[in-house]
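Trainee: What follows is a structure written as structure tokens; I'll ask about it next.
Number of protein chains: 4
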Amino acid sequence: MGRNAMSDEEKEGRRRVLLAAAHRLYRERGVLPPVADIATAAGLAKGTVYLYFRTKEKIFVALLEDALGSLFARLLPALDRLPRGGRDTAKAFADHYVRLIADSADLLPLAALANAVLEQNLPVEPMRRFKTGLARALGQAGRHLEQRTGLAPGGSGETLLLHTYSLTLGLWQALSYPEPLRALLQEESLRGLARDFEPELHIGVHRLWLGYFAA
Amino acid sequence: MGRNAMSDEEKEGRRRVLLAAAHRLYRERGVLPPVADIATAAGLAKGTVYLYFRTKEKIFVALLEDALGSLFARLLPALDRLPRGGRDTAKAFADHYVRLIADSADLLPLAALANAVLEQNLPVEPMRRFKTGLARALGQAGRHLEQRTGLAPGGSGETLLLHTYSLTLGLWQALSYPEPLRALLQEESLRGLARDFEPELHIGVHRLWLGYFAA
Amino acid sequence: MGRNAMSDEEKEGRRRVLLAAAHRLYRERGVLPPVADIATAAGLAKGTVYLYFRTKEKIFVALLEDALGSLFARLLPALDRLPRGGRDTAKAFADHYVRLIADSADLLPLAALANAVLEQNLPVEPMRRFKTGLARALGQAGRHLEQRTGLAPGGSGETLLLHTYSLTLGLWQALSYPEPLRALLQEESLRGLARDFEPELHIGVHRLWLGYFAA
Amino acid sequence: MGRNAMSDEEKEGRRRVLLAAAHRLYRERGVLPPVADIATAAGLAKGTVYLYFRTKEKIFVALLEDALGSLFARLLPALDRLPRGGRDTAKAFADHYVRLIADSADLLPLAALANAVLEQNLPVEPMRRFKTGLARALGQAGRHLEQRTGLAPGGSGETLLLHTYSLTLGLWQALSYPEPLRALLQEESLRGLARDFEPELHIGVHRLWLGYFAA
DNA sequence: TATGAATGAGAATTCATTCAT
DNA sequence: CATGAATGAATTCTCATTCAT
Numbered sequence: 004m005g006r007n008a009m010s011d012e013e014k015e016g017r018r019r020v021l022l023a024a025a026h027r028l029y030r031e032r033g034v035l036p037p038v039a040d041i042a043t044a045a046g047l048a049k050g051t052v053y054l055y056f057r058t059k060e061k062i063f064v065a066l067l068e069d070a071l072g073s074l075f076a077r078l079l080p081a082l083d084r085l086p087r088g089g090r091d092t093a094k095a096f097a098d099h100y101v102r103l104i105a106d107s108a109d110l111l112p113l114a115a116l117a118n119a120v121l122e123q124n125l126p127v128e129p130m131r132r133f134k135t136g137l138a139r140a141l142g143q144a145g146r147h148l149e150q151r152t153g154l155a156p157g158g159s160g161e162t163l164l165l166h167t168y169s170l171t172l173g174l175w176q177a178l179s180y181p182e183p184l185r186a187l188l189q190e191e192s193l194r195g196l197a198r199d200f201e202p203e204l205h206i207g208v209h210r211l212w213l214g215y216f217a218a
Numbered sequence: 004m005g006r007n008a009m010s011d012e013e014k015e016g017r018r019r020v021l022l023a024a025a026h027r028l029y030r031e032r033g034v035l036p037p038v039a040d041i042a043t044a045a046g047l048a049k050g051t052v053y054l055y056f057r058t059k060e061k062i063f064v065a066l067l068e069d070a071l072g073s074l075f076a077r078l079l080p081a082l083d084r085l086p087r088g089g090r091d092t093a094k095a096f097a098d099h100y101v102r103l104i105a106d107s108a109d110l111l112p113l114a115a116l117a118n119a120v121l122e123q124n125l126p127v128e129p130m131r132r133f134k135t136g137l138a139r140a141l142g143q144a145g146r147h148l149e150q151r152t153g154l155a156p157g158g159s160g161e162t163l164l165l166h167t168y169s170l171t172l173g174l175w176q177a178l179s180y181p182e183p184l185r186a187l188l189q190e191e192s193l194r195g196l197a198r199d200f201e202p203e204l205h206i207g208v209h210r211l212w213l214g215y216f217a218a
Numbered sequence: 004m005g006r007n008a009m010s011d012e013e014k015e016g017r018r019r020v021l022l023a024a025a026h027r028l029y030r031e032r033g034v035l036p037p038v039a040d041i042a043t044a045a046g047l048a049k050g051t052v053y054l055y056f057r058t059k060e061k062i063f064v065a066l067l068e069d070a071l072g073s074l075f076a077r078l079l080p081a082l083d084r085l086p087r088g089g090r091d092t093a094k095a096f097a098d099h100y101v102r103l104i105a106d107s108a109d110l111l112p113l114a115a116l117a118n119a120v121l122e123q124n125l126p127v128e129p130m131r132r133f134k135t136g137l138a139r140a141l142g143q144a145g146r147h148l149e150q151r152t153g154l155a156p157g158g159s160g161e162t163l164l165l166h167t168y169s170l171t172l173g174l175w176q177a178l179s180y181p182e183p184l185r186a187l188l189q190e191e192s193l194r195g196l197a198r199d200f201e202p203e204l205h206i207g208v209h210r211l212w213l214g215y216f217a218a
Numbered sequence: 004m005g006r007n008a009m010s011d012e013e014k015e016g017r018r019r020v021l022l023a024a025a026h027r028l029y030r031e032r033g034v035l036p037p038v039a040d041i042a043t044a045a046g047l048a049k050g051t052v053y054l055y056f057r058t059k060e061k062i063f064v065a066l067l068e069d070a071l072g073s074l075f076a077r078l079l080p081a082l083d084r085l086p087r088g089g090r091d092t093a094k095a096f097a098d099h100y101v102r103l104i105a106d107s108a109d110l111l112p113l114a115a116l117a118n119a120v121l122e123q124n125l126p127v128e129p130m131r132r133f134k135t136g137l138a139r140a141l142g143q144a145g146r147h148l149e150q151r152t153g154l155a156p157g158g159s160g161e162t163l164l165l166h167t168y169s170l171t172l173g174l175w176q177a178l179s180y181p182e183p184l185r186a187l188l189q190e191e192s193l194r195g196l197a198r199d200f201e202p203e204l205h206i207g208v209h210r211l212w213l214g215y216f217a218a
């Protein structure tokens, strides 16, 4: 670990190390970990974290940005490979999308936390960057979707994707249970809520898309 | 009833006073208020709160329970008045549902907080009660829906309602912005995300139901 | 240590215990001690301090207030016993005043810190109270002085006392040395600054008053 | 002079650049700025600052030294132009001195900070240098004063100047208010303390000198 | 000499919860 | 039942200083 000037790549590397540490701890604990813990987990000192992220919230936004970014990166090619016709499209998308989401394990818990975390101590600037990126990605993906499937009018591709994402997020929240609650799901009286997220997501997204292509 | 023992009604009254205070403070501040503030707002002492709710999380669960309960109470009659045919059903439900949601202003922020709050310090028992109640209400409403509209097979009414709720929750989270972020929504680059919740919800729910009835 | 309601006197007692602890630590270390240390020294927990002083600065202001208050309390009777004639007055006051100051050991270090401490994190409200009290005490003392000695015109008593206090404070700062510097004062080259505060104060105040009564 | 070694002038130049930066930032913010900021403002790296000042306190002492040095540099000629007679001397000096002080804007805030700053982390060696210089300047100025005005006995010139400086410093502290407190000065109850520093200083110094020359 | 990345001690404050009266 | 004083764990962020290059 040199003490002198770092190239941009090295800096970016450190950033990623910190993000990875935060990410791991978050996964393990289900709560945004204290900065001190992130530092330790990354093999660095507390103060060092603040050389890379000026506030704790920025770490969170960066995490979210990463997760959403990689979802979109994989979504675009998927959209471009969709069949044209209505019913097939819905089915094909649902199939692919559920796999995509299953692979982006951390996106949803993170996104679900966003409101709660950011209500408390909002980092406006990074948040703008994040939302801008999201808006652009959504618009772009919407256009891909429209071109490929002929969905009309203009803008409905974006809308459909926003609703798809919303359904995903909401479903995840409704069906995700903290560990100590899982056991309860066996009980007869809770059957109605003991559903697996992925099949459920498949059904919902499928139906939602059917609705859009039927309309 | 003697002077010493408190009747159940009195107890329940106190409970409701506390809940109302918590509710109001939450609405005003957008954050779960400290227990001390709830006590003061209810005209009680801090310690007294703990005679009615053993932890702060229980207050939160009770709040959520109330909000969801009243949503369901109004949902049932609405379902019973739905038209039979497919396309009409979707439209009629969406119309009514959006109004219902608009009237249940606090449900969504509260529900959106649930994951974050409960991950931290979970009160298993009250949570079980809550989830059980929810499961029952959902099942009941699902059956009403199926009977009224002929939606089949059995269980799909419940599923549809769950997905409808999920879409609502997700959409709310995607489109709700903490005050300081609102200003940014004017910017051109954020247009795609500057949508009004209610019309958007109407479109989404309408399409989702169309999908279910078309399937 | 009871856990239930405390009378106002008991509360005031606790406040004084905390103040005394802060006072002692400050004297020992020459620096405003951390809140944690004050708490420990007072036999209380950290959080308890905040039940009595909402911020650390308020502790400081309270300390200062006490010190100045007790100075004025003793100043007033002294002024009332002053001889009428000019030259005598100056001498008599200087004699008495120096003794007074010598007895108010903590006032000066505290007052000397005020600017530095308060520039950083100002508690406006308690500061207003403090300054208001000071202004009143000064005015009252000024009037006593004028009545007793015939000093004119109106207001010059207050002015003289303000200047006296200023000279005291400035002199203390010029002549007070942190421990590790004391040794150096023996050196020949520092003779000019190796003066004892009290005699020096006597000379200065005496001359200042002479100037006022001569004018 | 080769490319490697830095000449003394170059070194001294760097030192002055750093001091000027610290000075400016201090004036702008009213607080001793962090070393990192001083470095940036001087166009240097943080580490570099430590090649010129071993601790932050040394920067502070150097600043103070400068300010006092330039005050004395202008005081000496002023003393040499003083009239001989008693009453006139006091008046003439007060006139001149107040202007001098008004022009040395930074001396007083800096000096007022000295006790607080130096109590914490004292740099003995530079402090000795500073105090020695001050003692010499004071002695020299005192002799000038005595020679010019005939003030006796020997040493009283030095004393008078020390007291004059003390009065100045104390008065400044008593009458200087951090920005957020300024507003309060309008209030009736604070009138007694809402005095302008310069006229007040003039009165005080005038009287003090009268006292010395009358004695 | 100069750099600037890394360090980590340090401090203030909040707040859920307990429990003696 | 009700009170409210006391607790102390928990957490963020700052900044002087060091030192490998």
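Quick note, the sequences are listed as chains A, B, C and D, same order.
Here the first sequence stands for residues 4 to 218, where the numbers follow my numbering.
Here the second sequence stands for residues 4 to 218, where the numbers follow my numbering.
Here the third sequence stands for residues 4 to 218, where the numbers follow my numbering.
Here the fourth sequence stands for residues 4 to 218, where the numbers follow my numbering.
Each residue gets a CB set at the ideal place from its N, CA and C atoms; glycine is no exception.
What you are looking at is a predicted structure, and each value in this text was computed from that prediction instead of being measured.
(1) Can you give me the C-alpha to C-alpha distance between C/Tyr168 and C/Val38, rounded to a whole angstrom?
(2) Spell out a yes or no on whether the region 57–77 of chain B and the region 16–24 of chain B are touching, meaning 3 or more CB-CB pairs, one atom from each, closer than 8 Å.
(3) Find out if the Cβ-Cβ distance for the pair A/Ala108, A/Leu172 is shorter than 8 Å.
(4) Give every residue of the same chain whose Cβ lies closer than 8 Å to the Cβ of C/Met4, excluding the five residues on either side of it in the sequence, and list them in chain order.
(5) Can you tell me which of D/Leu164, D/Ser179, D/Glu191, D/Ala42 puts its alpha carbon nearest to the alpha carbon of D/Arg139?
(6) 8 Å is my cut-off, CB to CB: does A/Lys134 come that close to chain B?
(7) Using only CA atoms, which one of B/Gly160, B/Arg198, B/Ser192 lies nearest to A/Gly166?
(8) Would you mind telling me which residues of chain D sit closer than 7 Å to C/Leu211, beta carbon to beta carbon, in chain order?
(9) Would you call C/Leu54 buried or exposed, if buried means 16 or more other Cβ atoms sit within 10 Å of its Cβ?
(10) Against chain A, does B/Thr162 count as a neighbour if the rule is that its beta carbon must be under 8 Å from one of theirs?
(11) Taking 8 Å as the limit between beta carbons, can you name the residues of its chain near C/Leu196, skipping five residues before and five after?
(12) Flag C/Met9 as yes if its beta-carbon sits less than 8 Å from any beta-carbon of chain D, otherwise no.
(13) Using only alpha-carbon positions, find the residue among D/Val208, D/Phe75, D/Gly46, D/Ser192 that is nearest to C/Leu141.
(14) Please tell me whether B/Asp199 has its Cβ less than 8 Å away from any Cβ of chain A.
(15) Expressed to the nearest angstrom, what Euclidean distance is found between the alpha-carbon atoms of D/Gly145 and D/Gly157?
(16) Would you mind stating whether C/Thr162 and D/Ile206 have Cβ atoms separated by less than 8 Å?
(17) Contact defined as beta carbons within less than 8 Å: I believe A/Val34 pairs with B/Glu122. What is the distance between those atoms, to the nearest angstrom?
(18) Alpha carbon to alpha carbon, how far is B/Tyr29 from B/Asp40?
(19) For the candidate residues B/Ser159, B/Arg210, B/Ala97, whose alpha-carbon lies nearest to that of B/Leu225?
(20) According to DSSP, is B/Asn124 part of a helix, a strand, or is it coil?
(21) Note down, in chain order, all residues in the region 59–74 of chain D with a beta-carbon under 7 Å from any beta-carbon belonging to chain C.
(22) Between the region 28–49 of chain B and chain A, which residues of the former have a C-beta closer than 8 Å to a C-beta of the latter?
(23) Using only alpha-carbon positions, find the residue among A/Ala76, A/Arg57, A/Arg194, A/Ala48 that is nearest to A/Pro126.
(24) In chain B, what lies closer than 8 Å to A/Ser107 by C-beta?
(25) Suppose the cutoff is 7 Å on Cβ atoms and the five residues either side in sequence are ignored; what does the same chain contact list for B/Leu71 look like?
(26) With a 10 Å radius around its C-beta and 16 neighbouring C-beta atoms as the bar for buried, classify D/Ala124 as buried or exposed.
(27) Measuring alpha carbon to alpha carbon, tell me which of D/Phe133, D/Arg17, D/Gly160 ends up nearest D/Ala48.
(28) Between the alpha carbons of C/Ala95 and C/Ala76, how many angstroms are there, rounded?
(29) With distance defined between alpha-carbon atoms, name the residue in A/Arg194, A/Val101, A/Asp106 nearest to A/Leu170.
(30) Is there a Cβ of chain A sitting closer than 8 Å to that of B/Gln150, yes or no?
(31) Closest to D/Pro183 by CA distance: which of C/Gly88, C/Leu67, C/Leu74, C/Pro129 is it?
(32) State the Cα-Cα distance for the pair B/Ile104 and B/Leu174, rounded to the nearest angstrom.
(33) Quick one: does A/Thr305 have its CB under 8 Å from some CB of chain B?
(34) What separation, rounded to the nearest whole angstrom, lies between the Cα atoms of B/Arg132 and A/Glu190?
(35) Report the option in A/Gly160, A/Gly153, A/Gly214 whose CA atom is closest to the CA atom of A/Arg87.
(36) Looking at the secondary structure, which residues open and close the alpha helix (DSSP H) in which B/Glu191 lies?
Mentor: On the basis of the data shown:
(1) CA-CA distance, C/Tyr168 to C/Val38, rounds to 30 Å.
(2) With the cut-off at 8 Å, the region 57–77 of chain B and the region 16–24 of chain B touch.
(3) Annotated as distal: A/Ala108 and A/Leu172, with beta-carbon spacing of 8 Å or more.
(4) Caution is warranted here: a pLDDT of 40 is assigned to C/Met4, below 50, making its placement in the model unreliable, and no coordinate value can be reported.
(5) Of D/Leu164, D/Ser179, D/Glu191, D/Ala42, the residue nearest in Cα terms is D/Leu164.
(6) Put simply, the CB of A/Lys134 is near chain B, with a gap under 8 Å to one of its CB atoms.
(7) Contrary to the premise, residue 166 of chain A reads as His rather than Gly in this sequence. Its Cα nearest to that of A/His166, the residue B/Arg198 stands out among B/Gly160, B/Arg198, B/Ser192.
(8) Taking a Cβ-Cβ cut-off of 7 Å, the neighbours of C/Leu211 in chain D comprise Arg210, Leu211, Gly214, given in sequence order.
(9) Here C/Leu54 is exposed, its C-beta having fewer than 16 other C-beta atoms within 10 Å.
(10) At least one beta carbon of chain A lies nearer than 8 Å to the beta carbon of B/Thr162.
(11) Contacts found: Ala177, Leu178, Leu188.
(12) Not closer than 8 Å to any Cβ of chain D, the Cβ of C/Met9 fails to qualify, so no.
(13) C/Leu141 has its Cα closest to that of D/Ser192, out of D/Val208, D/Phe75, D/Gly46, D/Ser192.
(14) No, B/Asp199 does not count as interfacial toward chain A.
(15) For D/Gly145 and D/Gly157, the distance between alpha carbons rounds to 9 Å.
(16) For C/Thr162 and D/Ile206, yes; Cβs fall inside 8 Å.
(17) Between B/Glu122 and A/Val34 the Cβ distance is about 6 Å, and since that is below 8 Å, they are a contact.
(18) B/Tyr29 and B/Asp40 have their C-alpha atoms roughly 11 Å apart.
(19) No answer is possible for residue 225 of chain B: the residues shown for chain B start at 4 and end at 218.
(20) Note: B/Asn124 maps to coil in three-state DSSP.
(21) So nothing in the stretch comes that close.
(22) Within the region 28–49 of chain B, Gly33, Val34 place their CB atoms closer than 8 Å to a CB of chain A, listed in sequence order.
(23) Nearest of A/Ala76, A/Arg57, A/Arg194, A/Ala48 to A/Pro126, Cα basis: A/Arg57.
(24) For a Cβ distance threshold of 8 Å, nothing in chain B lies close to A/Ser107: the least Cβ distance comes to about 15 Å.
(25) Only Leu110, Leu137 meet the Cβ criterion.
(26) Here the sequence assigns Asn to residue 124 of chain D, which means Ala is not the residue at that position. Within 10 angstroms of the beta-carbon of D/Asn124 lie fewer than 16 other beta-carbons, which makes it exposed.
(27) If we check each option's Cα against that of D/Ala48, D/Arg17 comes out closest.
(28) Distance between the alpha carbons of C/Ala95 and C/Ala76 is about 18 Å.
(29) The residue from A/Arg194, A/Val101, A/Asp106 with its alpha-carbon nearest to that of A/Leu170 is A/Val101.
(30) So no, B/Gln150 is outside the interface.
(31) Of the listed residues, the one whose Cα sits closest to D/Pro183 is C/Pro129.
(32) Annotation: B/Ile104 to B/Leu174 spans about 12 Å, alpha carbon to alpha carbon.
(33) Summary: the structure shown does not reach residue 305 of chain A, with chain A confined to residues 4 through 218, and so no result is reported for it.
(34) Between B/Arg132 and A/Glu190, the C-alpha separation is close to 12 Å.
(35) A/Arg87 has its Cα closest to that of A/Gly153, out of A/Gly160, A/Gly153, A/Gly214.
(36) Counting along the chain, B/Glu191 falls outside any alpha helix (DSSP H), and DSSP gives it neither H nor E.
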